[in-house]
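Structure first, commentary second.
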DNA sequence: ACACAATTTATAATATTTTTTCGTTTAATT
DNA sequence: AATTAAACGAAAAAATATTATAAATTGTGT
């Protein structure tokens, strides 16, 4: 097998991990034919991005809410940022609309806020936990898309369930992702999830990106929306003038907290 | 079996403990293939986290002061009946099949058993918790149907998601319900859930009813399967000769526990 | 071809996990 | 209560895995 690029290798690691749910550094080294040191640095990076959980000797899929394991510290830390983003997103939503939420944790935060509101909405989502959260509020009609469910992901995957989308008219889609650059648009790493997200983006009249500042300037493996598709870009920190201008040039409305 | 990670091992310990309610260090050492010392340190840690209570030679589930015996006993009783039914259902399933599970708690028990098996299957379900349970096992391809999610129900409702069913070939459907009589067939009370179940029944090559004895002879508001649709009827108590003959007459195979 | 940067590897020092050993404690039995 | 076998805890030893650092490799641009 020819040498892989870093990105390709990490992609492969995720593939293996998704299939097997666990992996050892040793086996990986044999399989991918690189040194263990290299893989450890891969795994370290990937853990920082929340793609997996490191253990001695290997790595496992991260555990998600709903499982008995306690939340990782990282989850909790980023929560504030997600709430800040979700609160701003609320302002865009109007009574009676039909909105689409992906399975991201930011959209889950938005769902938690919606649960407490007195506003009639139809919400379509690909996130299982998002749906479970929203159903608590009887003002909301909650539709969960169908598809493949896999360990390590609370999202539905694949386009099996996308024909539900043909049966509803969607005003706004709220989505997050693993990275955003002006060139690549919104990107994510799970190919199957991206497959579904791409379909979701197509259906939405307007697209709202929910991206915390750490994701700006990064890009992941596969893209599910071009920059031109985006109508609103919501983030948790004030942007640089240059970034701001770039958004303005493309007619994208930016929402971020006012200067502290 | 390859060496487990610490996390995995402790997870397994909890699994065993939850099932057996008690465990000995010695047996664990044999089962998990690590030294007793290692396990003792595991148990010590886990006790600190409140996951279990240490004893000489082993560990037990922690007992909570306010535990109400009556309620939990009754719960368990009901659960046992479901487990008895689910275990019999297992025998019908063959490697490589595609099965359909509804959102009933009996089907959820079946899912829990399947989670522990080493058998490759495709499982399509309308139960959210059923899907979450099954995804833990990588041998299983889990497909969740889409649809409306409502408060108080962990089932998907309505036929929105039923076109996923057109894309898979289903060998067996396992379903429960609120009532069964020979005249009305299988019945349930939630009309929207029934709407989806009806579609599911149509798709399955063979239909297996999972009904505890208390439901036999009762009938609910709407029917989702005629008696003639049923291939197997699984229950938790021995039937009367009359009931048995009635099933036989219609060519329905009955599975129930052998006389005590 | 050269220098520069990025990536990967080798190696050695650390750190973690597991087992072994052994004296002590506990529980069961006489 | 004395005896005995099993279970325990502490600490050293062994086995693995990780990190840091420097060296080697590869790719890039000039």
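Chains as they are written, first to last, in our numbering: chain F, 10 to 269; chain D, 10 to 269.
We put the CB at the ideal spot given by N, CA and C, even for glycine.
Please read all numbers here as calculations on a predicted model, not as lab measurements.
Check whether residue i and residue j have beta carbons under 7 Å apart
i                      : j                      : result
residue 98 of chain F  : residue 119 of chain F : yes
residue 32 of chain D  : residue 66 of chain D  : no
residue 30 of chain D  : residue 70 of chain D  : yes
residue 151 of chain F : residue 132 of chain F : yes
residue 239 of chain F : residue 219 of chain F : no
residue 52 of chain F  : residue 36 of chain F  : no
residue 166 of chain D : residue 179 of chain D : no
residue 159 of chain F : residue 144 of chain D : yes
residue 149 of chain D : residue 213 of chain D : no
residue 146 of chain F : residue 121 of chain F : no
residue 164 of chain D : residue 95 of chain D  : no
residue 128 of chain D : residue 90 of chain D  : no
residue 196 of chain D : residue 162 of chain D : no
residue 142 of chain D : residue 171 of chain D : no
residue 249 of chain F : residue 265 of chain F : no
Residue i versus the options, residue with shortest Cα-Cα distance
i                      : options                   : result
residue 241 of chain D : D:185, D:203, D:231       : D:185
residue 229 of chain F : F:246, F:212, F:203       : F:203
residue 206 of chain D : D:154, D:32, D:34, D:141  : D:154
residue 188 of chain F : F:121, F:59, F:144        : F:59
residue 192 of chain F : F:236, F:180, F:201       : F:236
residue 222 of chain F : F:234, F:245, F:257       : F:245
residue 190 of chain D : D:115, D:234, D:201       : D:234
residue 168 of chain F : F:104, F:183, F:210       : F:210
residue 243 of chain F : F:101, F:26, F:50         : F:101
residue 54 of chain D  : D:175, D:111, D:15        : D:15
residue 46 of chain D  : D:56, D:34, D:40, D:57    : D:34
residue 198 of chain D : D:175, D:182, D:227       : D:227
residue 138 of chain D : D:115, D:126, D:39        : D:115
residue 88 of chain D  : D:41, D:125, D:28         : D:28
residue 61 of chain F  : F:266, F:260, F:200, F:19 : F:19
residue 134 of chain F : F:256, F:182, F:175       : F:182
residue 194 of chain D : D:251, D:25, D:17, D:256  : D:256
residue 12 of chain D  : D:26, D:38, D:25          : D:38
For residue i, the first and last residue of its enclosing beta strand (DSSP E)
i                     : result
residue 64 of chain F : 62-64
Secondary structure of residue i, DSSP reduced to three states
i                      : result
residue 221 of chain F : coil
residue 79 of chain F  : Here the model assigns residue 79 of chain F a pLDDT of 29, short of 50, so the residue's position is not dependable and the matter cannot be decided.
residue 180 of chain D : strand
residue 59 of chain F  : coil
residue 70 of chain D  : coil
residue 185 of chain D : coil
residue 270 of chain D : Only positions 10 to 269 of chain D appear in this structure, which leaves residue 270 of chain D out of reach.
residue 164 of chain F : strand
residue 170 of chain D : coil
residue 85 of chain F  : Residue confidence is low: residue 85 of chain F scores 41 on pLDDT, short of 50, so the model does not pin down where it sits. Its coordinate-derived value is still stated next. In this structure, residue 85 of chain F counts as helix in the three-state DSSP scheme.
residue 54 of chain D  : helix
residue 19 of chain D  : helix
Distance cut-off 6 Å: residue i Cβ against heavy atoms of the ligand HEM
i                      : result
residue 160 of chain F : With respect to small molecules bound, the structure shown includes none, and the ligand HEM cannot be examined in it.
Item to check | Every unbroken beta strand (DSSP E) within the region 190-216 of chain F, with a cutoff of 3 residues, ordered by chain | outcome: Unbroken beta strand (DSSP E) stretches of 3 residues or longer found wholly inside the region 190-216 of chain F: 194-197, given in chain order.
Item to check | Runs of alpha helix (DSSP H) lying entirely within the region 101-159 of chain F, each at least 4 residues, in chain order | outcome: Complete alpha helix (DSSP H) runs here, min 4: 114-124, 137-143.
Checklist entry - Curious, which full-length alpha helix (DSSP H) runs of at least 4 residues does the region 224-268 of chain F contain? => result Listed in chain order, the complete alpha helix (DSSP H) runs (minimum 4 residues) inside the region 224-268 of chain F are 250-258.
Checklist entry - Which runs of the beta strand (DSSP E) fall wholly inside the region 24-49 of chain F and span at least 3 residues, in chain order? => result Correct list: 31-33.
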